[in-house]
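One structure below.
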RNA sequence: GGAGGAGUGCCAGAGUGGUUUAAUGGAGCGGUCUUGAAAACCGUCGUACUGAAAGGUACCGGGAGUUCGAAUCUCUCCUCCUCCGCCA
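Residue numbers (this note's numbering): 1 to 426.
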């Protein structure tokens, strides 16, 4: 969430930034409400503290009187404290209500887009940051979409997934399963080579973790929730990995902290059905290697470009046509200050598929999770967090299968040979 | 799952109702000494809210309660340890 002090001190900038997310005047009233509530919180805190200070003084004096055996006087003072106690209780309730309202408002405000983020309302308004200026693959006359190729070569089975679980849970098998494992290992190896520490986190997280990275309360319905144990299946490795540093104060010299993890990702994707979600285009469970960075605020935008460059290299090594979009204010995720999306060209479907999203969250997550660092002067500051998919598998697989199909079989890019153990799916 | 024990600061560890303002030791940081280092000695050493500052307030696993006053007593939840059961 946004920092209160930033909202107070840089209100004009925040308001302008939220307009980029197409916030109207009615929505923007939340900002003034936040400031008004914070004023009430401050004065209420002072009043409560003063009352408690007085109670503490009297308690101490009662203790002394008892010690001196002055029971009468002590009893009198006890009666005087009773009135203060009622007052304290009232003030506490008042403060709890104010804090509750303030939190609700703060949780409802998305991150302020960076000044370089373009205006816009829909995905059509995203800016092409890097276009694909080479040729697209030429396919044979009988080119098939990936879900047909999957049947032909026995690579994955969605209907079998329905039997085992439900719609959107693919069962990978044979060379298809091997390709999954190869891609995961390739992505992890590349991330480790780039200096990221490999992490294997839990695939379920508690409510605190889900709130810290911004999944709760904003995307409650997106996650699978195990209600008996009150745990959430992770929608991305970002959640457990970033939370490793929750409530930590790290040394400035330890920045940046770079971590990578492979996990399956679970998303309910409620309400999305139809032709555009066929095959692996949108599924409830998919595999992804994520990269996460904790950065010094001065370096976070440089780091963002570093991550974009890392993902670009992966695309190049997989020999896939791709483009990079700079998301407009209207299309960005709730917690992000700036996001680049990677889209891969899916040749048989003749459409772009999103395969990576690389974002700088600035202090939006670290403010929620109290992830800070101590600078050279001993001052404690919020760090910046960033993350990106490097990469999400399901759609990469879709594109690989479609783009590389030949009458003889599906060609595997060279970079994967040592992981797959085969050069061609037959 | 059952029985018992335990959770205190960066770490170790004292404190079972009132000068506790959480002792003490270690680590860390600053300094003295030294060619440098070690040792010794001196100092410093939590976080948050509030306040211009001085200061005030809260926090001893989480939450609730008893009391004029709680790290300390009660309830509840969580975690860890020991034993038993089950188990890849």
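Idealized CB from N, CA, C, for every residue including glycine. In this text the structure is predicted, and so the values were computed from the model without any measurement.
Between residue 206 and residue 362, the gap from beta carbon to beta carbon reaches 8 Å or more. Taking 8 Å as the cut-off, the Cβ atoms of residue 208 and residue 334 do not count as close. Every unbroken stretch of the beta strand (DSSP E) spanning 3 or more residues and falling wholly within the segment 86-143 is given here in chain order: 127-130. In this structure residue 249 is exposed. Its beta-carbon is surrounded by fewer than 16 other beta-carbon atoms within 10 angstroms.
Distance from the CA of residue 325 to the CA of residue 131, rounded to the nearest whole angstrom, comes to 8 Å.
Ranked by how close their Cα comes to the Cα of residue 102, the residues 177, 38, 57 and 140 have 38 in first place. In this structure, residue 210 and residue 237 do not form a Cβ contact; the two beta carbons are roughly 13 Å apart against a cut-off of 8 Å. It is roughly 36 Å from the alpha-carbon of residue 188 to the alpha-carbon of residue 17. Comparing alpha carbon positions, the residue from 192, 231 and 185 closest to residue 421 is 185. Annotation for residue 87: 51 place their beta carbon closer than 6 Å to its own, counting only its chain and skipping 5 residues before and after. Secondary structure at residue 359: strand, using DSSP grouped into helix, strand and coil. Taking 8 Å as the upper bound for CB-CB distance, residue 183 and residue 311 are not in contact here, some 14 Å apart. Counted as a single uninterrupted DSSP element, the alpha helix (DSSP H) harbouring residue 29 occupies residues 25-67. Rounded to whole angstroms, the separation of the alpha carbons of residue 13 and residue 94 is 31 Å. According to the DSSP assignment, residue 305 belongs to no beta strand (DSSP E) but to the alpha helix (DSSP H) extending over 300-317. Scanning 372, 358 and 425 for the CA closest to the CA of residue 251 turns up 372. Nearest C-alpha to residue 140 among 266, 307 and 407: 407.
Judged by their CB atoms, residue 246 and residue 386 are not nearer to each other than the 8 Å cut-off.
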